[in-house]
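For reference, each letter of the sequence shown is one residue, going -17 to 214 in the numbering used here. Worksheet for the structure shown next.
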Amino acid sequence: MTINQRIQKIIDELFSGNKRAFSFAVGISPTVTENIVGKRQSNPSFDVTSKIAYSIDNINSEWLLTGIGEMLKSRIFQNGDSLLVSEGQFPYGNMLDMAKPHIESESDSFSKIIESQECKRIIIPFIENYDFSLRQYGDSMVNPGNPLKSINDQDIVVCRLWRNTSYIRWGEVYALATSQGNTIKKIIPSEKNGYVRCVSLNERAGYASYDLPTKEISDWAIVVGVTYVRIW
């Protein structure tokens, strides 16, 4: 399998064959993606492979570059509407030193809360590269078209601080700390200068998109995972 075929496999299995969604997720143009996996079969540059390895947390970089090993660092199996992670692929059960900040209160700065040590710390199994978690309130990020990409009311959202705001992964879901509190939205470019467009995934239920001034955003964090607990 060539590296072009391996990238196509990523697109097929992780992005349901949507090359445009893959392009936005890793920060490359759809034209570059088409050149790599389309008829031209161009060799991907180091910059492109680096972006893929950096942007998709679970990708095995050695597999991407050489084809050796499995595509994913941890093995994920589909079971109905749930994703199950093989415990044998992660140091499950020995993670006391892996507890990270969990933010429950509204704040105009994630960083300040984390640095102040005023928030509790919890363990999120199977996710390594993140900085903190917080809880989603409301149904604005329920995704009727893709339940596996939904964020439901009371879900715990796992985030990585995004410090380089000169490079935004458009089309991705971010947690934003603003003067009005926390919000979790898909971010796309705005037609207004100095703004970003905040998109709710559940627009059909009446949750409208809106433009947010970037000057009101004190902290950005990209969403890297979602988890929830069912209490019987």
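All C-beta atoms in this analysis are idealised placements derived from N, C-alpha and C, irrespective of residue type, glycine included.
- Setting aside the 5 residues that flank it on each side, Met(-17) is surrounded in the same chain by Gly49, each with a C-beta closer than 6 Å to its C-beta; the list follows chain order.
- With contacts defined as CB atoms closer than 9 Å, Ile166 and Val178 fail to qualify as a contacting pair.
- DSSP places Arg151 in the coil class of the three-state scheme, outside both helix and strand.
- Counting along the chain, Arg2 sits inside the alpha helix (DSSP H) bounded by residues 1 to 8.
- Fully enclosed beta strand (DSSP E) runs of no fewer than 3 residues occupy 114 to 117, 138 to 143, 155 to 160, 163 to 171, 177 to 181 of the region 114 to 182, in order along the chain.
- The continuous beta strand (DSSP E) containing Ile204 extends over residues 199 to 209.
- Nearest in C-alpha terms to Asn111, of all of Glu(-5), Tyr36, Glu97, Leu(-4), is Tyr36.
- Around the beta carbon of Ala157, 16 or more other beta carbons lie within 10 angstroms, which makes this residue buried.
- For Ile106, no alpha helix (DSSP H) run applies, since DSSP gives it neither H nor E.
- In the three-state scheme derived from DSSP, where H, G and I count as helix and E and B as strand, Pro195 is classed as strand.
- Under the criterion of beta carbons closer than 8 Å, Ala203 and Arg117 do not qualify as touching, at roughly 14 Å.
- By the criterion of a C-beta distance shorter than 6 Å, Lys168 is surrounded in its chain by Val155, Val181, once the five residues flanking it on both sides are discounted.
- Counting only the Cα atoms, Glu52 lies some 15 Å from Asp(-6).
- Each residue's CA atom was taken as its position, placing Glu173 and Tyr192 some 11 Å apart.
- For Lys82, the secondary structure class from DSSP, reduced to helix, strand or coil, is strand.
- A distance below 9 Å separates the beta carbons of Ile199 and Thr160.
- With 16 or more neighbouring CB atoms inside 10 Å of its own CB, Ala7 falls in the buried class.
- Under DSSP, Leu54 takes part in a beta bridge, and its partners are Ile41.
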